[in-house]
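Peer 1: Got a structure for you, questions after.
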Amino acid sequence: MKRPGEDRTGLYVLIALMVGGGFALDVATHVGLEVWVLYFIPLIVSLFTTRPIAPVAIGVMCASLVVAGYVLSPAAPVEGVAQISQVNRALGSVALIGLGFVGRQLIATKVRLAVQDWVNEGRVLLSERMRGERNVHDLGRSVLSTLAEYVGAQVGSIYVANKGGNLMRASGYGLDAPLDGKANFVAPGQTLVGQVAANASILVVYDVPDGYIDVRSGTGAAKPRALVLAPTDADGAVNGVIELGFFTPPSAAMNALLTSAAAPVGIAIRSAQYRERLADLLEEAQRQAEELEVQQRELKITNEELEERGHALKQSHVELEETNRQLEEQARALEMQKDQLSSAQGVLRKKAAEVERASRYKSEFLANMSHELRTPLNSALILAKLLIDNKQGNLTREQIQFATNIYTAGNDLLTLINDILDLSKIEAGKLDLTFESVDLARLFAASKQRFEPLAREKKLELVVTIDPGGPVRMESDSVRLKQVITNLLSNAVKFTEQGSVTLRGSAGPRGDVLISVEDTGVGIPADQHHLIFEAFKQADGTPNRKYGGTGLGLSICRELVDLLGGEIRVKSAPGEGSTFTVLLPSRPNQSEPTRGTTGTGAEKPNGHQRADVSLAPVEDDRAALTPGSRVVLVVEDDRVFATILRDLAHELRFQCVIAGSAGEALELVRHLKPAAIILDMGLPDHSGLTVLDLVKRDASARHIPIHVVSVHDYQQVAREMGAVGYALKPVKREQLVVAFDRFEEQIARKARSVLVVEDDATQREAITKLLGNDGVAITSAPNAEEALAKLDGETFDCVVLDLMLPGTSGFELLDQMAKSDKPSLPPVIVYTARGLSLEEEQRLRRHARSIIIKGARSPERLLEEVTLFLHQVAADLPEDKLRMLREALDRETVFTGRRILIVEDDIRNIFALTSALEPKGAIIDVARNGKEALCRIEAERPDIVLMDIMMPEMDGLTATREIRKRGRSSSLPIIALTAKAMPDDRQQCLDAGANDYIAKPIDVEKLVSLCRVWMPR
Amino acid sequence: MNATNESQDVELDLLLEGVFRMYHYDFRQYVRSSLRRRVHQALLALKHTSITSLLDRILHDPRAFAQFLPHMTIQVSDMFRDPSYWLALRKRVVPHLSTYPFPRVWIAGCGAGEEAYSMAILLAEEGLLARAQIYATDISVESLAEAKAGAYQLDRVRSFSDNYFESGGKASLSDYYVTTSSRACFVPALRERILFADHCLATDTAFAEVQLVSCRNVLIYFDRTLQDRAVGVFCDALSPRGFLGLGDKETLRFSAHMKAFEPFVAEEKIYRKGERAT
């Protein structure tokens, strides 16, 4: 492309030659020959140059040459010619100069037009190149290349303003700089580019210094000579800058071109930006549409889940009502039983009173009787003694011997009568105790003194000692205590042939006093230990027994020790001697009932005392609970015991919260969800059993292990209600530590264990699969023996038991489990294929928590029950397991109560379909042809239709089309039953409006699948 | 407001960087607007008030990440979604595939496997499955596990069936599944020809030469750079004159690789690799 204003030097040379030639000719010819006219030729030629000054200059030069030619030319041969020539030359000069000026005007106009043409052509070219949907980068590139080629620039770049007003390099031309460099970002007003944008005017820079962009080619690099920076604008707002670099100085025409290109390029840039933005927005909108779809789908799923939950809730509500009703019934039955019980109680009470009266009569009678007996016996004894003395000396040896016998026998009789009297006194409640300070050493000394002679006689060693640090004094009834010691010593001496008898006093636990009598006598077999304390019994009950005596001594001892608030124990084995130990409180226990005074042994309620201590709550950790710590809830109103428990809890790294009443306890269970509970039974507001029951009925709390501590023995009831342990007060520290250890174990043991007792390997595996998940460890045993061994070895949370076992049956296994002395037996679920008689069921009920008869639906119930007994908190179950459980419960609810219409004329097919679908719980209707089907659909409103195609009267296709035409049933799922005969059967069915099809002969599994899929929810 | 936006942007960057460094899931070049919405949803679902606290939890608790990830890779599909696309594949593309001795198909971003099974069914009905290999890849290992199971909720199967028939299915979809009480499980024979693998379009490269890439509604979540990268990977994987199928909302128009492909079935966004493209 040629730029306007470029001159052709040849032209000037030509002009110079012509002027020179003309001048030479003019000088050579004489005046008058008007050769100077030739000067007009170069002048006219000069019009073809592009410099407006050229014709003027040539005109003036020629004019001066005309004058010079006149002077230098030889004179004219003819006179007068000189004057004419002068005039001619003068006119010629003026004409030349005038023509020069006209020429200047002409050239100026021509040049301007050429520039304009060039600019216009450039714009047209540019707009041609900018056409088409381009992005900014492409657009910039084509603008740059077009401009650079058109104006002859060697290097260039284009900057485009972004949203923030900053200029970014969009494209480059012949540039040796990457597009994404730092230099490509220009803030408005900064650098020349920014300045141009800010001023909105073209800037030309000459003599570009070092460090500017180089123009590079394969062989070298050079700096551009000049830079032109031009803004582009759209509607007056600058939106870009074009920078071009030149080796030659740029022309003014280029400025014009850049100025006039500013608007179209600017608008093109703006549209490209709009387009890009539009594309972005479109993409964004589509993305949002996709995401919306995702969210909609999620929402749908959530909705469905909610619906499902609502459904389940309704279901459980119904069940609840049912349970309520049953409970009411049970309550009524209980009331009746209670009535019966209280009337029975009345009868019993009356009987008891009678018995008591009779017993009192008996005791009184015995007391009176023995008194009456003792009086004559005394006289008899005295008389016998007199006879033995034989003061007169008139009796033979034999007669004296008889009298001695009478005396001995009488003495024995007297002892017996005294014993009976004592015993009956105690039983009749007529024995009064007098507590006083007893000096143990003195008591022992007296006893020693008494039995020393007897022992010496039998050559026995009698040792009486009090341990160092042992008790010195105690509060007791000295007479009765002495009687006990005497009885025991007397027995010991009586039954010991050789060796020693030891009476020892020592300190027992909790400040009690231990008095033991040890002998090296015959000893008592273990199975008779319980007999020796019974009245009138001796260990050796045979007729030819070796030792005399009434056998009342030990029973009197026991009764007396009981009265004194202590207990008596025996340790003995045949041939190894015996040790009788009496444990007595060092001071009488006020709270302990004294049978001597109350007679019945009923416990005195001591709530009054407790109410006093529970006034001030015991300080606990409720204010300082740390998350994740193990919290044990102590439900105890006894301040002292609660404190002990709290300290023990702290020692074993539990945090402890103390509740003084049942109400508070339940509140705390609900809010704190403690890891374990220690529960007292006697609480001021409710019984501990109520707390136990309510906690175990709360699904979210029932997994919390509860250990019961009580003075009452409710062990059986509490265990049945789900307590993990039971301890009778007074409780030893060791027992409590064991309880805490068990808590620890339960908390730590995440995996619950189930024992499956089942002889059939396949069944065993099936159950294992059914129940197994991450949190449940399953152990299995094929027979009862192995099951018992496993139950011995480890603790299970639940046992699933088949009744039909080889060898020991399930029944027997249950009985043996019940008999075992394990502290807590796991709940047992009997899972059996065997039909049970009513008796059998009742027998099972005693030990088993639930009974499941194997059948189609039983796996779900088993899963349900086991989950229940595993005490797994619902939230702890893995989500998929929960879903599975829910799905298992939903099994075939797809079919239950749903109506399926079978449209089929072949009776065998009807039968096959019915027998496949009816057991699933579906209600089956049958139509024998299309017409019938339409009526049925109107009448029965089926949920799904199975449509045969080939039928009399109206075929399946027509019927399907008819159904689809009717508005109400247009969405009714229809599954076509096609014969495989025709290849296009399928398409016809679908075209007619069937949702799916199944080919005959019908695969039942597949049909069920199809029904499941298409059955409306 | 601007400051909040900016700080949120910084938080988002840190989150994405953290996730990438810790778990090697690269979401850094996903479209911002979409990421912001997803992270926002994750915040709601995981009960966090700031992205930073979420990041803190994710970095220290892999289980929290497992909960977080599904929010980022959320993707839904149906079997034979957009039946016309599948019909076009069946009628126009499969005849070309059948000329290869061992046609290989890549389902990129297979999600829960719906498309992979659809493809297997389509190829089975066209008699190609026995000699074909389907690669089904996804970024999410959880999704892949679900895909391998090939068991879908029963109520979804109805729309699957409708789509199947519309896409020119030759039998009944029930030929390919068996049902349990809650799910329809697709038969193992289909799975035999599908290779499930985890593959990240942001970081991984092509792994095999395939004749058809079907990548639907995945690119839409990527920014331009990542889109270009992904299409580049597809371009590398495709044999000469191979096919690329995109989602109905996606296009190659602004892609750097636009010139490498020519529209094949333009209205279904099925492109064919150009002759001169490498």
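For the protein sequence lines, the chains are C and H, in the order given. Mind the numbering: the first sequence is residues 1 to 1017 in the numbering used here, read in order. Mind the numbering: the second sequence is residues 1 to 278 in the numbering used here, read in order. Cβ atoms here follow ideal geometry from the backbone N, Cα and C, with glycine treated the same way.
1) Identify whether residue 260 of chain H lies in helix, strand or coil by the three-state DSSP scheme.
2) Could you confirm whether any beta carbon from chain H is found closer than 8 Å to the beta carbon of residue 995 of chain C?
3) Got a sec? Which residues, its chain only, sit under 6 Å from residue 16 of chain H by beta carbon, not counting five neighbours each side?
4) Let me confirm a value: residue 62 of chain H is counted as buried when at least 16 other C-beta atoms fall within 10 Å, else exposed. Which label applies?
5) Taking the CB atoms as reference points, tell me whether residue 679 of chain C and residue 640 of chain C lie closer together than 8 Å.
6) Counting only runs that start and end within the stretch 214-266 of chain H, where is the beta strand (DSSP E) found for 3 or more residues in a row?
7) Where does the unbroken beta strand (DSSP E) through residue 207 of chain C begin, and where does it stop?
8) So, does the CB of residue 155 of chain H fall closer than 8 Å to a CB anywhere in chain C?
9) Which one or two residues does DSSP pair with residue 779 of chain C in a beta bridge?
10) At the 8 Å Cβ level, is residue 270 of chain H part of the contact set with chain D, yes or no?
11) Does the pairing of the stretch 993-1002 of chain C with the stretch 141-148 of chain H give three or more beta-carbon distances under 8 Å?
12) Please report the distance separating the alpha-carbon of residue 1012 of chain C from that of residue 263 of chain H.
13) When the distance is taken between beta carbons, is residue 976 of chain C closer than 8 Å to residue 1000 of chain C?
14) Helix, strand or coil: which one does DSSP assign to residue 583 of chain C?
15) How big is the Cα-Cα spacing for residue 37 of chain H and residue 183 of chain H?
16) So, helix, strand or coil for residue 104 of chain C, using DSSP?
17) Identify the residues that DSSP records as bridge partners of residue 1021 of chain C: which are they?
18) Since residue 990 of chain C contacts residue 946 of chain C with CB under 8 Å, what's their CB separation in whole angstroms?
19) So that I know if they touch, is there some Cβ in chain H lying closer than 8 Å to that of residue 819 of chain C?
20) If contact is defined by three or more beta carbon pairs under 8 Å, each pair taking one atom from either stretch, is the stretch 469-478 of chain C in contact with the stretch 432-449 of chain C?
21) Compare the C-beta of residue 201 of chain C against all C-beta atoms of chain H and say whether one is closer than 8 Å.
22) Across the stretch 486-499 of chain C and the stretch 518-532 of chain C, are there enough close Cβ pairs to call them in contact, namely three or more that are closer than 8 Å?
23) Should the stretch 233-251 of chain C be called in touch with the stretch 266-282 of chain C, which here means at least 3 C-beta pairs below 8 Å?
24) Around the Cβ of residue 681 of chain C, are there at least 16 other Cβ atoms within 10 angstroms (buried) or fewer (exposed)?
25) Starting from residue 185 of chain H and walking both ways along the beta strand (DSSP E), at which residues does that stretch end?
26) Along chain H, in chain order, which residues have C-beta atoms closer than 7 Å to that of residue 1018 of chain C?
27) If contacts are defined as beta-carbon pairs under 8 Å, then residue 586 of chain C and residue 685 of chain C qualify, I think. What distance do you get, rounded to the angstrom?
28) What does DSSP give as the partner residues of residue 196 of chain H in its beta bridges?
29) In terms of residues, what are the limits of the beta strand (DSSP E) holding residue 300 of chain H?
30) For residue 412 of chain C, count the other beta carbons within 10 Å of its own beta carbon; 16 or more makes it buried, fewer makes it exposed. Which is it?
31) Comparing alpha-carbon positions, which option in C:956, C:31, C:965 and C:620 lies nearest residue 905 of chain C?
32) Would residue 163 of chain H count as contacting chain C if we go by Cβ distances under 8 Å?
33) For the alpha helix (DSSP H) that contains residue 957 of chain C, what are its first and last residues?
34) Please classify residue 62 of chain C as buried or exposed, where buried requires at least 16 neighbouring CB atoms within 10 angstroms.
35) Taking residue 672 of chain C and residue 740 of chain C to be in contact with their CB atoms under 8 Å, please state how far apart those CB atoms are, rounded to whole angstroms.
36) So, under 8 Å CB-CB, residue 159 of chain C and residue 148 of chain C are touching, yes? Tell me the CB distance rounded to an integer number of Å.
Peer 2: Well, looking at it:
1) In the structure shown, residue 260 of chain H sits in a helix (DSSP, three-state: H, G or I).
2) Yes, its Cβ sits closer than 8 Å to a Cβ of chain H.
3) Around residue 16 of chain H: 27 and 28.
4) Exposed.
5) No. Outside cutoff.
6) Runs of the beta strand (DSSP E) lying entirely within the stretch 214-266 of chain H, each at least 3 residues long, are 238-246 and 261-265 in chain order.
7) Looking at the DSSP string, residue 207 of chain C is not in any beta strand (DSSP E), and its letter there is neither H nor E.
8) Judged by the 8 Å Cβ criterion, residue 155 of chain H is in contact with chain C.
9) Beta-bridge partners of residue 779 of chain C (DSSP): C:755.
10) In the structure shown, chain D cannot be found, because the protein chains are C and H.
11) Fewer than three beta-carbon pairs drawn from the stretch 993-1002 of chain C and the stretch 141-148 of chain H are found closer than 8 Å, and the two stretches are therefore not classed as touching.
12) Using only the alpha carbons, I get a separation of about 42 Å.
13) Going by C-beta atoms, residue 1000 of chain C is not nearer than 8 Å to residue 976 of chain C.
14) Of the three classes helix, strand and coil, the one that applies to residue 583 of chain C here is strand, per DSSP.
15) So the two alpha carbons sit approximately 31 Å from each other.
16) For residue 104 of chain C, the three-state secondary structure derived from DSSP is helix.
17) Here chain C comprises residues numbered 1 to 1017, so residue 1021 of chain C is not present and cannot be evaluated.
18) That pair is no contact at about 16 Å.
19) Residue 819 of chain C does not count as touching chain H.
20) When Cβ pairs closer than 8 Å are counted between the two stretches, the stretch 432-449 of chain C is seen to touch the stretch 469-478 of chain C, the count reaching three or more.
21) So no, residue 201 of chain C is outside the interface.
22) Yes, they touch.
23) Yes, since at least three Cβ pairs between the stretch 233-251 of chain C and the stretch 266-282 of chain C fall closer than 8 Å, the two stretches touch.
24) Buried, by the Cβ-count rule.
25) For residue 185 of chain H, the enclosing beta strand (DSSP E) stretches over residues 183-186.
26) Because chain C here runs from 1 to 1017, residue 1018 of chain C falls outside it and cannot be looked at.
27) Actually they do not touch by this definition, with Cβ atoms about 36 Å apart.
28) Paired residues: H:136.
29) Chain H is shown only over 1 to 278; residue 300 of chain H falls outside these bounds and no answer can be derived.
30) Sixteen is the threshold: since fewer than 16 other Cβ atoms of the shown chains lie within 10 Å of the Cβ of residue 412 of chain C, the residue is exposed.
31) It is C:956 whose Cα lies nearest to the Cα of residue 905 of chain C.
32) False, the Cβ-Cβ gap to chain C never drops below 8 Å.
33) Looking at the DSSP string, the run of the alpha helix (DSSP H) that includes residue 957 of chain C is 956-965.
34) Label assigned to residue 62 of chain C: buried.
35) About 18 Å; that fails the 8 Å criterion.
36) That pair is no contact at about 15 Å.
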